[in-house]
Each structure stands twice: as C-alpha cells, then as structure tokens.
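There are 2 protein chains.
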Amino acid sequence: MQKIGIGLAGLGTVGTGVYRSLLQNRLLLTERIGLELEVRRIAVRNLALSRSVKPPAEMLTDRWEAIVDDPAVGVVVELIGGIDLPYELFRRALKARKPVVTGNKALLAEKGAEIFELAADAGVPVFFEAAVAGGIPIIKSIREGFIGNHLQSIHAILNGTSNYILTRMTEARINFPEALQEAQSSGYAEADPTLDINGWDPAHKAIILASLAYGFWVDTRHVYVEGIEKISAADIRFAETLGYRIKLVATIRADSNSAIEVRVNPTLVPKEHVLASVNGVFNALMVRGDIVGDTLFYGRGAGQDPTASAVISDLAQAAIWIDSGGKAFGFTPHGLYGKCLPTDELMSAFYLRLTVDDRPGVLAQIAGVLGSHNIGISSVIQPESHETPAVPLVLMIHNAPFGRMREAVDQIKNLECVKAEPVLLWIL
Amino acid sequence: MQKIGIGLAGLGTVGTGVYRSLLQNRLLLTERIGLELEVRRIAVRNLALSRSVKPPAEMLTDRWEAIVDDPAVGVVVELIGGIDLPYELFRRALKARKPVVTGNKALLAEKGAEIFELAADAGVPVFFEAAVAGGIPIIKSIREGFIGNHLQSIHAILNGTSNYILTRMTEARINFPEALQEAQSSGYAEADPTLDINGWDPAHKAIILASLAYGFWVDTRHVYVEGIEKISAADIRFAETLGYRIKLVATIRADSNSAIEVRVNPTLVPKEHVLASVNGVFNALMVRGDIVGDTLFYGRGAGQDPTASAVISDLAQAAIWIDSGGKAFGFTPHGLYGKCLPTDELMSAFYLRLTVDDRPGVLAQIAGVLGSHNIGISSVIQPESHETPAVPLVLMIHNAPFGRMREAVDQIKNLECVKAEPVLLWIL
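Protein chains in written order, with the numbering used here: chain U, 34 to 461; chain D, 34 to 461.
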C-alpha cells in the first residue's frame, strides 16, 4: 500500500482538528482511497507550547521550510494564516512539485491569480475546499458538479459569527454591541472580530466563489463590502414588520453577459426565502445554474471539525493525484475577458430609514429629492415611536442603481429636517 | 485540443436534455476542462420518430452495440432504462475499457455489486451522479467531500412525485387518489407511477447512497420499503395537530458498529425539522458525518435539465479520466463485513391510528396488548370526529423494535372493538 506523507504547516485550531481526525478515521480513509495518509512533519510557531494533541516531538519543527523541503512530505497543508508567509510557502512547495491544501481565504482572495498561475506553470494542483463554508463541499460542487452550467447567481450566508449576532439581535431584540459581546463570551466571535463583522471574511469567500464560477480572478477592489456594525435593533424590528429578516448576504450574479456583480452587505431577505431561516453559526448557499436550476447547500461553515473534514477531503484528492500522476487542476481561467460591474451600477431595491422632524411637508421634501434622482418609492412606513421630536421614517425603494441611490441619500442627509445618519439597506 | 467522443444510448427525456445542454454550453465546458466533448453516436429504439432535437441522421443507430463498438466513442452514456439490456451494455463497454455514465438507479440497486466488480477488473470508472437526486451533487459530496467521515445517518426525500402528492394532500386537504390524479395531469407523475408511489424508486436511490456510505453493496431484500398509497387526509390532519408533517423519508443509519439500517417509508417529521418544509417536487438530503456534523442539500431531484446537468458533470470527469489516464474509481468496497439490520430490529417511535368502538374499556384493551409486548405509549389522542359508531384513536408510541410493534398491531387488529385496518407510521 502506497503511503503519502503529509506536512502540516500550522497546528492551531484547524491543524489540531486535521491531525486528530486523520488519526481517528485513519483506517476508513485507507480503505476508501487505497492509500495511507501519514502526517510526517508539523511546523509550529512555538515548540514549547502545550497542546491538546501530542505528536511525537521529532515530528515538530519551528521552520515551515523544513516541512516543504522534507523529501518524506508529498502534500503540504497550509494552515498558518496571513498573506506573505503562506504565499512564500506556496511558491516553494509548488516549485518542488508538491500539491498544497489550504483554507486561507484571505490569501486566495488577495493572491489567487498569482498562486494559480504558479500552480499551472508547475502542473501541480492546489486544493481549497476549507476556504469557503468548511463543512459544505461547495468548491467541489461548483467546480465539478455544476461544470456544465452557466452559474446565474449565488446568494450565500458565509460568515457564522455575523449570522449568529444578527440571529441574536432578532431573537432577543438586543442591539449590536450586546449581541457581539454575547457571541464573544459564547466563543462564536474572536477577541478581534473585525473581519467577521466588517464583511471582509465573507467577501474573501465570495471572491473565491465568483472566480471559480466566472473564470477570472476577481479583484478585491471591485467588490462592494459593508459590515453589520451599523445594524440596529430598530431596523431589525422594522424589517420584521415589513416581512423581512436582515442577513449578511454575499451576492454573486451575472445578469448580463458583460460584467458580474460581487458584493457582501446586510440585506433584507423575505421571510419565506430559504436564507431567512438560516440561523446561528450556520452557513448556506443558494446556487442557480442555467441547467440545474436552484440548489441549496447548508451546514457548518467554520469550526475545527467541519474545516478539518474539508481539509481531509482535499488531502485524499491530493493523494490520489500523486498516486495516479494525473493532470493538475484547480482554478481554470475561462472567462478571460470577465469584469465586475462598477459599484455605482449595481441594481437593487432598498430599505431607507431616516430620522426626521415630526411635522407636515417632510415627506414631500424627501420624495422630491428621490424623484429628482429618478428613484421610485414603493412604500412609506412611519413606525410607531415614542421618541420626540424626531421620528423614524422608513421608505421602501424600487430597483435603482446604487450610485444614484447613494447620491440621493447624501443629499437627503443634508436636509434640515433629517436628524440622524440615514440607514440604507439592500433588499434581496 | 483533445476531443472526447461520446456515445448516447437512449434519446428520451434525459438523453434529449444531455444532447441539448452539451450543445448549448459547449464553449463553456471546453474552456473549463480543456477538452472538447463531442456527441458522435446516438442509439435510439425508433429511428423514424420525430424529436425536439435533430442530430444528424448518420449519428443515429437503432443498435446500442454500434455505439459501444464505435472507435470514435470514448465514453458511453447509458440512458436506456430497465435492467438486462443496460447490464449487457455495461459489460460490453467496460470490456472495451470505455467509462460508462448512467442515471439508472434500478440497475445499480439490483446489479451494483456485479457492475463495480466488472469496472474494478477492467480498471475503468463508472459514473452515476444522475442516479440520485439529479440536480444535487450528492454522490460526489458523499464519495469525495465527506471521504474522511464515518457517515452516521442520511435522512432524505428522494422522490419528487410522492413528495408532490403528499404536499398537495397537506395543502389542499385532499385524499391520495385525487392528489395522484392532479400530479398526473400536471406532469409530475407518470402514467404508470407505481415505483414512485410504492417507495421503490427512492429505495433504489437509498441503496446506492447506503452502499457508497458503508462500503458494501446493500441487498434489496434487506431494505424495508413502504409507499404512500395508504396515507389518508385524516392521518395528515392528525399528524398536523400533533406537530408533524408526513413525508416519504429514506433513512440510512449506522447506530451500532455491527449493522446498518436502510428503509423508505412514510414518516412523521416534526414541523420544525428542515425536511418538513421540503415541498413539491423538490428533493433534500440531510447528511450527518462524525467530523463534519449536519449538512443539508436541496434541489430538483429529477426532470430533464437537472438530470442532464448531473450527466454532463460525470461526462466531464470521464473525459478528464481518459485524458489523464488516471486511476479508476467509482465504488470502493471498504465495509466488506457490513450487513443490514433485520427489519424486525429497526427501532423507531410510531404513530398508530385505530378505528374503534366509541365505548369505555376500549383503550384499556388496546393498552393491554401493547403492554404485553413491552411497548410504551407516550400519548393518546381521540381526535374529534363526526363518524359513528366507530371513532378514530391515535396513539403515539415510544421507541420500539418494528417487529414487536408489528406483532402487537396484528393482535390489536383482531380485537373485536377495532373496526378498520390500523395505520402504523414511523416518526423521525
């Protein structure tokens, strides 16, 4: 039986999960793939640290180069995090013709184009199922399962932390700071939750999905990203009255043939839409293909074990690749002239909440500004309020380009009758 | 650019979809896989038939052997249906070292063991994504995505026709014959809907899933199968009162290490369970792995286009296999000592509806029989009824082995106070 040597770069949460699961289900894996997967070298930052798993001391090194260069290592698993150092690791491993498995979404979003060019030049595959929605085999499904489809859209909840916070804000009617604190004390948010909350973690994932689906590497600068920091309990309540839940949704869409849309932002999702009932730390993706129609995938997006499951699936594929000397695959560019729609041209219906003086004429003034931007109002709601003298005013806006909408809001915000920063949310 | 020749055996609904989609998305596929997929030969039963797609006349033949033997054909797609003839096709194609793509669930359920032995001997892969839940890449996900997991359970709705009928019975409060007729006139049920309704279509799919998950080919004789013919509007209503929906659920489970459970039967699903909200012709699978946890897949299970999408994904993989001369894979036996639990030992909670005399002492008599079989009652409901003199009596039963439950029901049915055939349903 051929043995395939694995080098783990990083023994943090996910690395520990991979190491433990490989031991736990070792026999099963061997039987299923006809190859033995054996961890041979592990690079860690601090050799002295006490850990929940105890690999033999001689397996550990504090130099990642040592695992890449080790002739006993056939596949390298990059679980270091960050950008520059893992990028160096990729360069070195691919040059040595060793497949790399990673869960590093930030790296792929920032350096995907370079990495897959290196991989193509070397003829060596790169695997990254763990980078998007760990427990859900979405990379495999998009790349292989839907290979015959033009993907028309993907709507997804890709960040468990922000979804947990929004779920708690909805259920317990608490505000953002309180929900964040709760998420942190329950272990669902990191001490520094910046990337989860400001939308960039799901944006990195959306970039990977969009690139796979549309065949060109999407530039981070062309992605519109908004986080959940500004969502208030009041908006969640008003949205509820209107039949919506607020979710942090990644939207990837190709309406026209000329350009695609990639954005992540808090979005009003109709209550009966399946994404509206995805709660807590779960992830879900709704994928629409021109042949397959609508499909939905749902599962745990992060955490030690689901992510380890994805890494192991990639390891099995890398091992089969080594054993069969097959062709490299990974990211195949096929949309070389693809481009992203400018943010200003993104079309959506919107929810606009204003805080205004409670006096006649105010609505006419606001409607006037919207009208002058050729923006149509579909309904106006004045929610009951005990605040005085300023009151909330919610406007539901017909499909309009985001750029024009933004201009109108800027103008409205400067009206004398508007008393606080307007809240503008997208509607699914 | 290498061209891979395809032979289509069968140009019915799915064959037509495959032919049309291959033409429609030809460029995309070529760009994605770097190979050209070209239909070269098509076998049909009746050459004279007028069709919605018009392949060149010289492409058509009425002998399936002609496409297998054609040296221009590298991959054979079996879409004939039935058992004996397709089995002959598999033998001939695998002998000629040509990969076969199929959506034939009955064939795999009946002859899977033989087919995969032939494939292993020939070193040629067999692909069957289209056999289970067409639009959902579940075969790929189980075989590759969850390869590192012991699968603990799969609960699935795998037949669109019966799910449509049950959905209509629930929504419109109509009885089975009426809902069936509606399904037929809407095109959601075939003229002969036998396999859809009696549970054998989903049972074939469950056998394929169980075999993949547990590594030994499950014998059809060890699968407990019950259809939806006996479900009445009354049971759906009573179940609703108790907080359940009735669905035709395939259950695949490995509770112990010694044996697995494979069954398909109408099942009371708690309303808040995600399978309860899968309506109409949709399919859904809830897969639980020991590492990945719970995941859900949802999409169209059948129909021309979703099935074609699955066939094309398999064709792409077969083409890559030919191009790279990789190793064969398909079904890898790894649970050689696996076996199925005897039907009598399957454990479940149950719903038992009786039609009984409306007089004192009846409940005591029935409870007595259950007690003598060591079966516990969790609740008793006497639904309101305008029927006289016999009335419905619904008992919710604690977890019990099916065999003992069946014996008790046989005895109850012969009591003088029981006036109609008892209805026994499983609870999820």
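Just so it is clear, CB atoms sit at the ideal spot from N, CA and C, and this is done for glycine as well. Note that the structure is predicted; figures quoted are calculated from it, not measured.
Residue i versus the options, residue with shortest Cα-Cα distance
i, options, result
"residue 366/D", "241/D, 223/D, 228/D and 134/D", "241/D"
"residue 96/D", "83/D, 230/D, 119/D and 107/D", "119/D"
"residue 255/U", "378/U, 418/U and 210/U", "378/U"
"residue 337/U", "326/D, 335/D and 346/D", "326/D"
"residue 145/U", "201/U, 60/U and 250/U", "250/U"
"residue 262/U", "274/U, 244/U, 275/U and 281/U", "281/U"
"residue 391/U", "384/U, 450/U, 364/U and 335/U", "450/U"
"residue 297/U", "65/U, 460/U and 272/U", "460/U"
"residue 423/U", "131/U, 253/U and 389/U", "389/U"
"residue 75/D", "371/D, 89/D, 132/D and 407/D", "89/D"
"residue 225/U", "194/U, 168/U and 419/U", "194/U"
"residue 231/U", "299/U, 278/U and 166/U", "299/U"
"residue 191/U", "347/U, 269/U, 233/U and 357/U", "233/U"
"residue 347/D", "311/D, 275/D and 133/D", "133/D"
"residue 456/U", "442/U, 412/U and 448/U", "442/U"
"residue 238/D", "287/D, 171/D, 38/D and 368/D", "171/D"
"residue 174/U", "208/U, 295/U and 246/U", "246/U"
"residue 78/D", "406/D, 434/D, 114/D and 58/D", "114/D"
"residue 276/D", "414/D, 288/D, 201/D and 227/D", "414/D"
"residue 116/U", "93/U, 228/U, 138/U and 307/U", "138/U"
"residue 167/D", "398/D, 341/D, 405/D and 412/D", "341/D"
"residue 36/D", "436/D, 203/D and 354/D", "354/D"
"residue 99/D", "60/D, 43/D and 55/D", "43/D"
"residue 448/D", "394/D, 411/D, 270/D and 416/D", "394/D"
"residue 284/D", "40/D, 236/D, 270/D and 313/D", "236/D"
"residue 421/U", "34/U, 452/U and 271/U", "452/U"
"residue 273/U", "61/U, 176/U and 203/U", "203/U"
Coil, strand or helix - residue i by DSSP
i, result
"residue 148/U", "helix"
"residue 347/D", "helix"
"residue 391/D", "coil"
"residue 247/U", "helix"
"residue 25/D", "The structure shown does not extend to residue 25/D, since chain D is modelled only from 34 to 461, so the question has no answer here."
"residue 453/U", "coil"
"residue 40/D", "strand"
"residue 160/U", "strand"
"residue 71/U", "strand"
"residue 171/U", "helix"
"residue 135/U", "strand"
"residue 410/D", "strand"
"residue 101/D", "helix"
"residue 215/U", "helix"
"residue 286/D", "strand"
"residue 442/U", "helix"
"residue 51/D", "helix"
"residue 223/U", "coil"
"residue 420/D", "coil"
"residue 109/U", "strand"
Per DSSP, cross-strand counterpart(s) of residue i
i, result
"residue 381/D", "433/D"
"residue 84/D", "None; residue 84/D has no bridge partner."
"residue 319/D", "188/D and 329/D"
"residue 299/D", "281/D"
"residue 257/D", "296/D"
"residue 76/U", "42/U and 94/U"
"residue 209/U", "In DSSP, residue 209/U forms no bridge with anything."
"residue 460/U", "301/U and 382/U"
Cβ distance (whole Å) where residue i is taken to contact residue j below 8 Å
i, j, result
"residue 101/U", "residue 80/U", "About 18 Å; that fails the 8 Å criterion."
"residue 63/U", "residue 86/U", "Between residue 86/U and residue 63/U the Cβ distance is about 20 Å, and since that is not below 8 Å, they are no contact."
"residue 196/D", "residue 383/D", "In fact, because the Cβ distance is near 22 Å, the residues do not count as touching under 8 Å."
"residue 105/D", "residue 128/D", "Not confirmed; about 18 Å, so no contact."
"residue 141/U", "residue 124/U", "The pair is not a contact, with the Cβ atoms about 14 Å apart (cut-off 8 Å)."
"residue 364/U", "residue 244/U", "7 Å"
"residue 428/D", "residue 385/D", "5 Å"
Beta-carbon neighbours of residue i, restricted to chain C and to distances below 7 Å
i, result
"residue 330/U", "Of the protein chains in the structure, U and D, none is chain C."
Closer than 7 Å: residue i CB and nearest the ligand ATP heavy atom
i, result
"residue 312/U", "Ligands are entirely absent from the displayed structure, and the ligand ATP is therefore not among its contents."
Exercise. Within the chosen definition, does the segment 157–165 of chain D reach the segment 64–72 of chain D through at least 3 CB pairs nearer than 8 Å?
Worked result: no
Exercise. Contact between the segment 174–189 of chain D and the segment 304–322 of chain D: three or more CB pairs below 8 Å?
Worked result: yes
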